[in-house]
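Asker: There's a structure below that I have some questions on.
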Amino acid sequence: ADSRVLELFQEMQDGGVRISEGLCVGLLARCANAKFLRFAEEIVKLCRSRDGMTISVYSALMKVFAYCGMYDKACDLYENILEDGLEPDSMMYGCLMKFSVECGRTQLAAQLSYKAPKLDIQNYMS
11 ADSRVLELFQ EMQDGGVRIS EGLCVGLLAR CANAKFLRFA EEIVKLCRSR
61 DGMTISVYSA LMKVFAYCGM YDKACDLYEN ILEDGLEPDS MMYGCLMKFS
111 VECGRTQLAA QLSYKAPKLD IQNYMS
């Protein structure tokens, strides 16, 4: 079934079906619930090749990594976000702080708390 999903996604692209950012974010959310990392990677590859990544797409990808228990990979996205000239929203900062603590990246957690000092940290650390 997994390979069929990948085939259908490729057929959609080859057939000229308009795959919007909203659809990509929705598909990534489904990937998170199903822990379908391979499909998530294909969706992100498409987004990068077209208009580039947005905070919405990064946020959905971060959710995929988190659901898969890959907190380190979720934290790695922070550098990509900054390199793309984007700024995380407060919710993403909170998630990044939680994930950085989960995977023992205390330096990143400190950096994030400095960048987002107005967050109510208690909400994200429980």
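Throughout, the working numbering is defined as the position within the sequence shown, counted from one, plus 10.
All C-beta atoms, glycine included, are put in the ideal place defined by N, C-alpha and C.
The structure displayed is predicted, hence computed values, not measured ones.
1. Is it buried or exposed, VAL54, if we count other Cβ atoms within 10 angstroms and call 16 or more buried?
2. Going by C-alpha distance, which of SER110, LEU18 and CYS78 is nearest GLU89?
3. Going along the chain, which unbroken runs of the alpha helix (DSSP H) with 4 or more residues stay wholly within the segment 91–128?
4. Whole angstroms are fine: how far does the CA of PHE75 sit from the CA of PHE19?
5. Pick from MET22, LYS73 and ASP99: whose alpha carbon is nearest that of ALA44?
Answerer: The structure says:
1. As a first step, residue 54 is located in the sequence shown; it is residue number 44 there, counting from the start. Around the beta carbon of VAL54, 16 or more other beta carbons sit within 10 angstroms, so the residue counts as buried.
2. Translated into positions along the sequence shown, residue 89 becomes position 79. Minimum Cα distance to GLU89 is reached at SER110.
3. Restricting attention to alpha helix (DSSP H) runs no shorter than 4 residues, the segment 91–128 encloses them at 100–112 and 116–125, ordered along the chain.
4. One-based indexing of the sequence shown puts residue 19 at position 9. One-based indexing of the sequence shown puts residue 75 at position 65. Taking the straight line joining both Cα atoms gives about 20 Å.
5. Translated into the one-based positions of the sequence shown, residue 44 becomes position 34. Among MET22, LYS73 and ASP99, the Cα nearest to that of ALA44 is on LYS73.
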